[in-house]
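These protein sequences, in sequence, are chains A and B. In this text, residue positions in the first sequence follow my numbering: the first is 159, and each later residue adds one. In this text, residue positions in the second sequence follow my numbering: the first is 130, and each later residue adds one. Ideal placement from N, C-alpha and C gives every residue a C-beta, glycine not left out.
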Amino acid sequence: DIVMTQSPDSLAVSLGERATINCKSSQTVLYSSNNKNYLAWYQQKPGQPPKLLIYWASTRESGVPDRFSGSGSGTDFTLTISSLQAEDVAVYFCQQYYNTPVTFGQGTKLEIK
Amino acid sequence: EVQLVESGGGLVQPGRSLRLSCAASGFTFDDYAMHWVRQTPGKGLEWVSSINWNNGNIGYVDSVKGRFTISRDNAKNSLYLQMNSLRAEDTALYYCARERVTAMVMDSWGQGTLVTVSS
Numbered sequence: 159d160i161v162m163t164q165s166p167d168s169l170a171v172s173l174g175e176r177a178t179i180n181c182k183s184s185q186t187v188l189y190s191s192n193n194k195n196y197l198a199w200y201q202q203k204p205g206q207p208p209k210l211l212i213y214w215a216s217t218r219e220s221g222v223p224d225r226f227s228g229s230g231s232g233t234d235f236t237l238t239i240s241s242l243q244a245e246d247v248a249v250y251f252c253q254q255y256y257n258t259p260v261t262f263g264q265g266t267k268l269e270i271k
Numbered sequence: 130e131v132q133l134v135e136s137g138g139g140l141v142q143p144g145r146s147l148r149l150s151c152a153a154s155g156f157t158f159d160d161y162a163m164h165w166v167r168q169t170p171g172k173g174l175e176w177v178s179s180i181n182w183n184n185g186n187i188g189y190v191d192s193v194k195g196r197f198t199i200s201r202d203n204a205k206n207s208l209y210l211q212m213n214s215l216r217a218e219d220t221a222l223y224y225c226a227r228e229r230v231t232a233m234v235m236d237s238w239g240q241g242t243l244v245t246v247s248s
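Below, the structure written as structure tokens:
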């Protein structure tokens, strides 16, 4: 199974500042035949199910604000929130869907400083 | 509006069975593959099982193979998870989730149903 490791486990950022969350996979999730990274990001607010933010490593889901962006390739990926808003307080998960079982990172808790 | 509503969770003794259901609405159910994903404070999010639109492609995480069975009834817009020989480590919040077309990511989730396995 592909192991997904996020860093840091928790993060406190001031409102309006940039937040960066990292995700590393134990093997590549870049499929060479289509040059796509099989990597997604989810946001989970307290008491709610996860919400899909980004897939193919950098494609925003419909309705997701453009302050959220994803980058990276191969085994190293980043979720960036360009200007943190109060409503962005949540736990963020990465997920690989390169092969089954699909696997998730352990989560990064984002708080306001 | 896409809605997924899970039911069937509860407290069950080790070794017993439970059947989870997920009622789908707001979309054409048989156009989509569906998943069960569970969450615990200790293990985080764990994919459990998935099924394609016509029951032709089914998968399970190793820890539930031979004990859990996923199924769907497209006429009833419903997804199921039959859980047998339950163990304490199966205790979790179980989510039903829809797979996005063209990518094995979950673009809609239910609120979850809690399964507690304890004597």
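Cβ-Cβ separation, Trp214/A to Lys194/A (assumed contact under 8 Å), whole Å:
Here the question's residue 194/A lines up with position 36 in the first sequence. Here the question's residue 214/A lines up with position 56 in the first sequence. Between Lys194/A and Trp214/A the beta-carbon gap is near 5 Å, inside 8 Å, which marks them as a contact.
Please confirm whether Gly137/B and Thr242/B have their CB atoms less than 8 Å apart.
For the purposes of this step, residue 137/B is identified with residue 8 of the second sequence, where counting begins at 1. For the purposes of this step, residue 242/B is identified with residue 113 of the second sequence, where counting begins at 1. Yes, the Cβ-Cβ distance between Gly137/B and Thr242/B is below 8 Å.
Specify the secondary structure class of Glu219/A as computed by DSSP and reduced to three states.
Reading the first sequence from its first residue, position 61 is the one you call residue 219/A. In this structure, Glu219/A counts as coil in the three-state DSSP scheme.
Can you tell which of Asp224/A, Ser216/A and Pro208/A has its C-alpha closest to the C-alpha of Trp176/B?
Your numbering for residue 176/B matches position 47 in the second sequence. Ranking the options by Cα distance to Trp176/B, first place goes to Pro208/A.
Count the CB pairs spanning the stretch 212 to 220 of chain B and the stretch 141 to 151 of chain B that are closer than 8 Å, and state whether there are at least three.
yes
Leu197/A - containing beta strand (DSSP E), residue span
Counting from one through the first sequence, the residue named residue 197/A turns up at place 39. Where Leu197/A is concerned, the enclosing beta strand (DSSP E) stretches over Leu197 to Gln202.
Report the residue from Ser216/A, Ile270/A and Leu210/A whose alpha carbon sits nearest the alpha carbon of Glu245/A.
One-based indexing of the first sequence puts residue 245/A at position 87. Closest option to Glu245/A, judged by alpha-carbon separation, among Ser216/A, Ile270/A and Leu210/A: Ile270/A.
Within the same chain, show all residues whose beta-carbon is closer than 7 Å to that of Asn206/B, passing over the 5 residues directly before and after it, in chain order.
Mapped onto the second sequence, residue 206/B falls at position 77. Answer for Asn206/B: Ala152, Ala153, Ser154 and Phe158, listed in chain order.
Drop a sphere of 10 angstroms on the beta-carbon of Val166/B, count the other beta-carbons inside from all chains shown, and report buried for 16 or more, exposed for fewer.
Here residue 166/B refers to the residue found at position 37 of the second sequence. A residue is called buried when at least 16 other Cβ atoms come within 10 angstroms of its Cβ; Val166/B meets this threshold and is buried.
Need the endpoints of the beta strand (DSSP E) that Arg167/B sits in, please.
As a position in the second sequence, residue 167/B is number 38, starting the count at 1. Looking at the DSSP string, the run of the beta strand (DSSP E) that includes Arg167/B is Met163 to Thr169.
What residues match up with Glu155/A in a beta bridge as DSSP calls it?
Missing from the structure shown is residue 155/A; chain A here goes from 159 to 271 and no further.
Helix, strand or coil for Val177/B? Go by DSSP, reduced to three states.
What you label residue 177/B is simply residue 48 of the second sequence in a count that begins at 1. The answer is strand: DSSP assigns Val177/B an E or B state.
With distance defined between alpha-carbon atoms, name the residue in Pro223/A, Val161/A, Ser191/A and Ala198/A nearest to Gly230/A.
For the purposes of this step, residue 230/A is taken as the residue at position 72 of the first sequence. If we check each option's Cα against that of Gly230/A, Ala198/A comes out closest.
Taking 8 Å as the CB-CB cut-off, is Leu210/A touching chain B?
The residue labelled residue 210/A in the question sits at position 52 within the first sequence. Chain B, which has a Cβ nearer than 8 Å to the Cβ of Leu210/A, makes this yes.
Pair within 8 Å by beta-carbon distance, Gln264/A and Gln201/A:
For the purposes of this step, residue 264/A is taken as residue 106 along the first sequence, with counting starting at 1. For the purposes of this step, residue 201/A is taken as residue 43 along the first sequence, with counting starting at 1. Contact flag unset, no.
Could you spell out the range, first to last residue, of the beta strand (DSSP E) harbouring Thr242/B?
On the second sequence, residue 242/B is found 113 positions in, with the first residue counted as 1. Run containing Thr242/B: Thr242 to Val246, per the beta strand (DSSP E) assignment.
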